[in-house]
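Peer 1:
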Amino acid sequence: MATNNLCSLIVGVLVLAAAIHVDGLNALSSNYYDQTCPMAESAVANAVKKAMLNDRTVPAALLRMQFHDCFIRGCDGSVLLNSTAKNQAEKDGPPNISLHAFYVIDNAKKALEAMCPGTVSCADIIALAARDAVVLSGGPYWAVPKGRKDGRVSKASETRQLPAPTFNISQLQQSFSQRGLSVEDLVALSGGHTLGFAHCSSFQNRIHNFATTQDVDPSLHQSFAAGLRSVCPMHNTVRNAGANLDSTPTVFDNRYYRLLLEGKSVFTSDQSLLANPTTTTLVEKFANSRDEFEKAFVESMIKMSSLTGGQEVRLDCKLVN
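Note that the working numbering has the sequence shown beginning at 42, numbered continuously upward.
(1) With a 10 Å radius around its C-beta and 16 neighbouring C-beta atoms as the bar for buried, classify Y74 as buried or exposed.
(2) On the DSSP bridge list, what partners appear for S70?
(3) Between which two residues does the beta strand (DSSP E) carrying A239 extend?
(4) What three-state label does DSSP hand C358 in the structure shown?
(5) What did DSSP end up calling H276 once you bin it into helix, strand or coil?
(6) Less than 7 Å between C-beta atoms, sequence neighbours within five positions excluded: which residues of the same chain meet that for N246?
(7) What three-state label does DSSP hand M345 in the structure shown?
(8) In its own chain, which residues sit with a C-beta less than 6 Å from the C-beta of N46, not counting the 5 before and 5 after it?
(9) Would you call Q76 buried or exposed, if buried means 16 or more other Cβ atoms sit within 10 Å of its Cβ?
(10) Could you tell me which of T291, Y298, I166 sits nearest to A356, measuring between CA atoms?
(11) Just the Cα atoms here: how many angstroms apart are G192 and H109?
(12) So what's H62 in DSSP terms, helix, strand or just coil?
(13) What's the C-alpha gap between T321 and L153?
(14) Based on the DSSP output, what are the partners of G283 in its beta bridges?
(15) What residue does the alpha helix (DSSP H) around M156 start on, and which one ends it?
(16) Measure the alpha-carbon distance for D173 versus L213 and round it to whole angstroms.
(17) Among P136, L140, E325, E82, which residue has its Cα nearest to the Cα of P100?
(18) Going by beta-carbon coordinates alone, are L69 and S341 separated by less than 7 Å?
(19) With 16 other CB atoms within 10 Å as the buried threshold, where does L66 fall?
(20) Helix, strand or coil: which one does DSSP assign to T125?
(21) So M93 is in the alpha helix (DSSP H); what residue range does that whole segment cover?
(22) How big is the Cα-Cα spacing for V401 and V228?
(23) Skipping 5 residues on each side, what residues in its chain have a beta carbon closer than 6 Å to that of S195?
(24) Please list, in chain order, all residues of the same chain as N209 whose beta carbon is under 6 Å from its beta carbon, the five residues on each side excluded.
(25) Quick check: the region 236–246 against the region 278–287, are at least 3 beta-carbon pairs closer than 8 Å?
(26) Going straight from the alpha carbon of N281 to that of Y297, what length do you get?
(27) Can you say whether Q107 is buried or exposed, counting buried as having 16 or more other CB atoms within 10 angstroms of its CB?
(28) Counting only C-beta atoms, is M345 closer than 7 Å to chain D at any point?
(29) Leaving out five residues on either side along the sequence, give the residues of the same chain with a beta carbon under 6 Å from the beta carbon of V175.
(30) With 16 as the cutoff for other CB atoms within 10 Å, does N95 come out buried or exposed?
(31) Roughly how many angstroms lie between the CA atoms of P318 and G179, to the nearest whole one?
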């Protein structure tokens with residue numbers, strides 16, 4: 042019996058050592074492509090810059106794309122895969138229907154395949170493009186850890202796991218903690234809403250039939266709510282109607298937090314950050330200091346984007362090899 046236990050212990054130690062060794066091999070590194078594809082970062086930045094010249098909504102789209110990729114199966118580029126006859130992919134899941142700017146990733150990948158074939162993963166391209174989107178919108182720069190692999194599985198049904206704009210604070214905390222992200226990560230990453238636009242359907246619950254006795258969420262600033270109701274009437278038929286997520290939707294700043302404290306946030310999930318003393322304190326800190334916000338945002342982006350899970354380097358971001 043003792044011999045069996047000893048053998049089991051030795052096998053367990055060997056398996057653990059092997060797992061640590063494999064994990065070490067797969068560790069991300071900011072200089073991952075220095076030898077194999079030294080121009081990787083500039084190729085991605087050029088693709089983002091070129092797209093931004095024609096469409097100012099590209100940065101918000103790329104930043105959102107990374108969140109939606111990382112929160113399902115880790116940052117493995119699965120959000121880029123096309124649906125097939127036998128499988129509906131993530132990009133066709135309800136929360137991802139409004140995702141766009143996939144062509145920016147495709148253009149960067151095409152340039153990289155010409156430079157260094159089969160080297161740079163689509164998942165890394167998303168991570169770099171999200172960073173460049175922030176920088177080119179006036180936000181902070183950070184060294185992106187690289188070395189992610191691309192996944193081979195993408196299921197629309199799994200997009201139900203994405204945190205919804207209607208989530209309350211406990212639902213948000215649970216969603217983030219399941220991915221190893223803290224309350225500070227939650228509040229800092231919510232600041233990504235400094236960029237972008239929301240369709241009426243994402244905040245309809247706050248401006249029509251909010252409760253049996255109140256048509257409008259009382260936490261909304263009165264004139265702000267009236268503005269939302271005017272662009273999003275009860276039976277809205279304008280397909281692209283909606284509202285900017287803050288008053289400077291193409292500039293990466295801390296205005297999102299200042300407006301949140303004024304009752305001028307768009308989503309229930311934004312407002313819910315004021316439902317908890319810990320998150321409220323963080324909102325106030327980031328509202329008062331852009332530097333504090335940017336520092337926390339960078340740390341949380343690096344942490345979130347280090348959730349890995351792929352197996353290959355795709356030659357075409359839309360298809361498995």
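Glycine included, C-beta positions come from ideal geometry on N, C-alpha and C.
Source: prediction; values computed, not measured.
Peer 2: On the basis of the data shown:
(1) buried
(2) K187
(3) 238–240
(4) Three-state result, C358: coil.
(5) coil
(6) T207, T309
(7) When DSSP states are grouped into helix, strand and coil, M345 belongs to the helix group.
(8) Below a pLDDT of 50, predicted positions are generally treated as unreliable, and N46, at 45, falls in that range; the measurement from the model is reported next regardless. Residues of the same chain with a CB within less than 6 Å of the CB of N46, apart from the 5 flanking positions on each side, do not exist.
(9) exposed
(10) Note on identity: in this sequence residue 356 is Leu, with Ala being the wrong assignment. It is I166.
(11) 14 Å
(12) Low confidence applies here, because H62 scores a pLDDT of 33, under 50, leaving its location unreliable; read the following figure in that light. Correct three-state label for H62: helix.
(13) 43 Å
(14) H240
(15) 143–156
(16) 27 Å
(17) L140
(18) no
(19) Caution is warranted here: a pLDDT of 40 is assigned to L66, below 50, making its placement in the model unreliable, and the coordinate value is therefore given only provisionally. By the Cβ neighbour-count rule, L66 is exposed, with fewer than 16 other Cβ atoms within 10 Å of its own.
(20) strand
(21) 81–95
(22) There is no way to answer for residue 401, as the model of the chain reaches only from 42 to 362.
(23) Excluding sequence neighbours, S195 sits near S119, L122, A130, E131.
(24) Contacts found: S313.
(25) yes
(26) Distance from the CA of N281 to the CA of Y297, rounded to the nearest whole angstrom, comes to 22 Å.
(27) buried
(28) No chain D appears in this structure, which consists of one protein chain only.
(29) F293
(30) exposed
(31) 30 Å
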